[in-house]
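Enquirer:
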Amino acid sequence: MKFKINWDAFGIAASVACAIHCAVLPLLLSSLPLFGINIIENQGFEFIMIALAFIVGVYSLYHGRKKHHHSYYPMLLFAVGIGILFIKSILHSHSLMLLLPAVSLVVIAHYLNYKLCRVHNHAHADDCNH
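For the sequence shown, the numbering used here puts the final residue at 194, and the numbers step up evenly by one.
(1) Unbroken alpha helix (DSSP H) runs of length 4 or more, entirely within the segment 137-169: which are they?
(2) Return the chain-ordered list of same chain residues with a C-beta closer than 7 Å to the C-beta of A166, the five sequence neighbours on each side being excluded.
(3) For G121, count the other beta carbons within 10 Å of its own beta carbon; 16 or more makes it buried, fewer makes it exposed. Which is it?
(4) Are the CB atoms of L116 and A78 nearer to each other than 9 Å?
(5) With C-beta atoms as the reference, is L163 less than 9 Å away from A83?
(6) Kindly indicate the opening and closing residues of the alpha helix (DSSP H) around I112.
(7) What number of angstroms, rounded off, separates the C-alpha of A87 from the C-alpha of H127?
(8) Can you tell me which of the three DSSP states N70 falls into?
(9) Could you check if N177 is buried or exposed, using at least 16 other CB atoms within 10 Å of its CB as the buried criterion?
(10) Between the alpha carbons of I154 and Q107, how many angstroms are there, rounded?
(11) Just to confirm, is the Cβ distance from V170 to L141 under 9 Å?
(12) What's the gap between the Cα of Y136 and the Cα of S157?
(13) Express the C-alpha separation of H174 and D72 in angstroms, rounding to a whole number.
This is the structure in structure tokens:
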């Protein structure tokens with residue numbers, strides 16, 4: 065029995081985890097600085113989370129584009145979403161305003177990739193080498 069990972073589902077889960085981290089974690093863990101632990105406003109931690117979402121997303125969307133639908137549209141939406149997340153982590157004063165569009169674009173990109181993969185199943189184009 066062969067085990068396959070659904071990378072779109074994993075990407076959506078990573079995006080939702082990122083949204084929960086960005087929205088709920090500061091509320092629940094605001095007492096951590098009392099104990100000398102500061103991950104809430106830790107820019108390094110934010111960049112690691114964005115990099116993780118980027119790596120999973122790029123792999124998932126590349127696979128869908130290459131093997132199934134040959135559309136760059138999901139990758140474009142994803143790139144804009146990740147770009148907004150990156151800007152959000154730098155511009156703390158606009159953090160909440162940028163969070164919703166960023167995560168929405170990332171989730172929509174994965175959902176669109178999922179739907180395009182199911183509709184086309186295995187669409188061939190001139191650049192297909194498989």
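We put the beta carbon where it would ideally sit given N, CA and C, even for glycine. Quick caveat, the model's predicted, so the values are computed rather than measured.
Expert: The relevant details are as follows:
(1) 137-154
(2) G145, I148, L149, K152
(3) buried
(4) yes
(5) yes
(6) 107-128
(7) 30 Å
(8) coil
(9) buried
(10) 8 Å
(11) yes
(12) 32 Å
(13) 5 Å
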